[in-house]
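Residue numbers (the numbering used here), protein chains in the order written: chain A, 2 to 334; chain B, 2 to 334. We treat Cβ as the ideally placed atom computed from N, Cα and C, and that holds for glycine. Reading through the structure tokens given below for one structure.
2 protein chains.
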Amino acid sequence: MKKFINDPEMVVVEELEGVALAHPDLVKVHFDPNYVVRADAPVQGKVGIISGGGSGHEPMHGGFVGYGMLDAACPGAVFTSPTPDQMLEATKAVDGGAGVLHIVKNYTGDIMNFEMAADLAKAEGMQVESVVIDDDVAVQDSLWTAGRRGVGSTVLAEKLCGAAAELGRSLSEVTDVCIKVKNMGRSMGMALTSCTVPHAGEPTFDLPEDEMEIGVGIHGEPGRARLPLKPADEIVEMLMEPIVSDLPYKAGDEVLLFVNSMGGTPLIELYIAYRKAYQICEQHGIKVVRNLIGSYITSLEMAGVSITLLKMDEDMLKLWDHPVLTPGLRWGK
Amino acid sequence: MKKFINDPEMVVVEELEGVALAHPDLVKVHFDPNYVVRADAPVQGKVGIISGGGSGHEPMHGGFVGYGMLDAACPGAVFTSPTPDQMLEATKAVDGGAGVLHIVKNYTGDIMNFEMAADLAKAEGMQVESVVIDDDVAVQDSLWTAGRRGVGSTVLAEKLCGAAAELGRSLSEVTDVCIKVKNMGRSMGMALTSCTVPHAGEPTFDLPEDEMEIGVGIHGEPGRARLPLKPADEIVEMLMEPIVSDLPYKAGDEVLLFVNSMGGTPLIELYIAYRKAYQICEQHGIKVVRNLIGSYITSLEMAGVSITLLKMDEDMLKLWDHPVLTPGLRWGK
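Written out as structure tokens, the structure reads:
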């Protein structure tokens, strides 16, 4: 295993120490239980938003804590769900009296632990709503997941809900934004290489030099097919067809096109993917009105790409354009 | 070769097509000769700033074109200098009457071609200044370079000079900012893996599973030593010692600490590096007052890290905090 780390067991704690040293103006890091929280939390009168999941997908979620996005994030060990006490403590830390939304990716451990945390928080008198993101069209059930996996739409939900909360919307209104993203977003990914979980020490899966995994999950879960490597344009077609036909996205729709690196794919290749995905949208009469291109929901150093389409309406555009100021995403403030 | 591309010969053109489709609000892409230019260029009365170099280091430089940073960037083929005609046309395209600054990384081809372009532009009556960035303390001379290589400080020079130009400073004043960055910045990098240039088809160098290259260049040029892989904290010490002792940075200095991924190193590892680099600064009494953490000057998918220290003064802090709005770096506007 070739990694830029010290002790595999200390990766998450040392990363969080780095985050605390790097961004004291934006976030505080709480240890034991571990969570990253806005420096100014709780914001009185504002809906609090938290998310969480296994580490290894950075900047998601800890990098999205700050103005206009998350109030707190709960990082588990690498590719391992955080525990209910992390989520409960984070929920308390961000409750400014207007309730708290839990944005949960659809993985069995995350679902179970966020449910337990929500029950405990409600028992202490807090208002909590939860939305489960399940946007990955690749497979119906998967390792660690009943139903579709939650992937790229999670980033977009965190941005849009964060803006809605900053605008003073109520818990039910912010929850409605999240449900809209859940309903209007679809994703699919692929991998050229596996990643290696530090405490495992070996690649999660083996992929021969001339093959790729289409429909891979963000933990390296198997996808739809293992196929010979193809040119980028053909790969993008293989990802876009299932996405577009699933909602379905139709001529006249306005969408946000999100092209994401799994971590090890350079930006130059992401723009080649964006080019083709944009052209496919054009062919369908789908109008790309916003985009996001970069490493936002990753799988450590995995080489691969995922594509997310989110159908946008007037309100979602306004929420997208609202300022955001987090370590991982920032504009306009 | 396992890459998310179509034809290796078309990588740069297709990437630029993607950039043009993705960011029409910020940049225009000119083909043949290829350059990326601000959508609103030339900005009348403002000093124009251009840079350029081989592709494969994205987001540098094309991703830094926009408000508060570069006016244009000239991308060559992957790891190959752009040509004088690209630089000359870009210079003309951004000349708003206040002159143009060329920010040049110290590689023999870049130096030669930028010099030729500057001479041609001057012959056409334009005012042009050039500053060569040579901040890499790893080796004195290198493959493709006489003297020290230009690396991470280039990103910081583009940001600070861009702000100075937006504030209405003259060509000589903006040039002075660039010279200050050149003088006050030092960098060093290391690699865990090589990258593969698309048209070469094979890794630039071989590195056994248990070794690393200390002092590597951004094209995979040999560094100081090939050593057994060490824990991250020891690697950071090996990078920081030559950097700190070179200027030297001293107790009481205020610095910007820039921890950069060569492309294939995930964010979780960058924060582990940041943590240790910050602690080393503290031990020396050096105060980290700003930072930048992410993939900004890359070597395709190379796994590795570089660290840059830039000694800051009051004016540089003001320039750093000035709004910037480019595809690759944005805040505050």
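As DSSP reads the structure, B:Val30 sits in a beta bridge with B:Val37. Between the C-alpha atoms of B:Ile180 and B:Trp332 there is a straight-line separation of about 24 Å. Taking C-beta atoms under 8 Å as the contact rule, B:Leu228 and B:Ile215 qualify, at a distance of about 6 Å. Bounds of the alpha helix (DSSP H) holding B:Phe115 are Thr109 to Ala124. Rounded to the nearest whole angstrom, the C-alpha separation of B:Ser171 and A:Ile294 is 35 Å. Taking C-alpha positions only, A:Asn292 is separated from A:His220 by approximately 24 Å. For A:Gly253 and A:Gly286, the gap between their C-alpha atoms comes out near 6 Å. Its chain contains Arg291, Leu311 and Met313 as the residues whose beta carbon lies nearer than 6 Å to that of A:Leu257, once the 5 sequence neighbours on both sides are disregarded; these appear in chain order. Taken atom to atom, the span from the alpha-carbon of B:Ile112 to that of A:Leu248 is near 52 Å. Using a Cβ distance threshold of 7 Å, A:Val198 and A:Phe32 do not count as a contacting pair. The beta carbon of A:Lys160 sits no closer than 7 Å to any beta carbon of chain B. Between the stretch 186-206 of chain A and the stretch 16-34 of chain B, the count of Cβ pairs shorter than 8 Å is below three; the stretches do not touch. Within chain A, the residues placing a beta-carbon under 8 Å from that of B:Ser56 are Ile269, ordered along the chain. Within the same chain, Ser262, Ile294 and Gly295 come within 8 Å of A:Leu268 by CB-CB distance, once the 5 residues on both sides are set aside. Contact annotation: B:Asp137 and B:Arg150 have beta-carbon atoms nearer than 7 Å. In the displayed model, A:Thr176 falls within a helix according to three-state DSSP.
Leu301, Glu302, Ala304 and Val306: these are the residues of the stretch 301-318 of chain A whose beta carbon lies less than 7 Å from some beta carbon of chain B, given in chain order. Spatial neighbours of B:Val217 in its own chain (CB-CB distance under 7 Å, excluding positions within 5 residues in sequence) are listed in chain order as Gly190, Met191, Ala192, Gly224 and Gly305.
If you ignore the 5 residues before and after B:Ala78, its C-beta comes within less than 8 Å of the C-beta of Val13, Gly55, Ser56 and His200, all in its own chain and listed in chain order. Closest by C-alpha distance to A:Val66, out of A:Cys162, A:Asp211, A:Ala226 and A:Pro204, is A:Cys162. With respect to B:Asn107, B:Asp135 sits close: the two C-beta atoms are nearer than 7 Å. A:Thr84 and A:Val48 have their C-alpha atoms some 22 Å from each other. By the criterion of a C-beta distance shorter than 7 Å, A:Thr327 is surrounded in its chain by Leu27, Gly64, Phe65, Val66, Gly67 and Met70, once the five residues flanking it on both sides are discounted. If you draw a straight line from the Cα of B:Ile51 to the Cα of A:Glu174, it comes to about 46 Å. Only residues of its own chain outside the window of five on either side were considered, and among them Thr197 and Gly202 have a CB closer than 6 Å to the CB of A:Met2, listed in chain order. For B:Arg187, the closest alpha carbon among the candidates B:Phe259, B:Thr266, B:Val178 and B:Leu271 is that of B:Phe259.
B:Asp137 carries a strand assignment under DSSP once its states are collapsed to helix, strand and coil. At a cut-off of 7 Å between C-beta atoms, A:Ile294 counts as an interface residue with respect to chain B. Bounds of the beta strand (DSSP E) holding A:Pro229 are Ala226 to Pro229.
For B:Gly265, a Cβ of chain A is located within less than 7 Å of the residue's own Cβ. Counted as a single uninterrupted DSSP element, the stretch harbouring A:Met88 is not any beta strand (DSSP E) but the alpha helix (DSSP H) occupying residues Pro85 to Val95.
Distance from the Cα of B:Val140 is smallest, within the candidate group B:Pro25, B:Leu240, B:Asp211 and B:Ala94, for B:Leu240. Residue-level contact check: A:Gly19 touches chain B, since one or more beta carbons of chain B fall below 7 Å from its beta carbon.
In this structure, the beta-carbon distance from A:Ala74 to A:Gly53 falls below 7 Å. For A:Gly148 and A:Gly110, the gap between their C-alpha atoms comes out near 13 Å.
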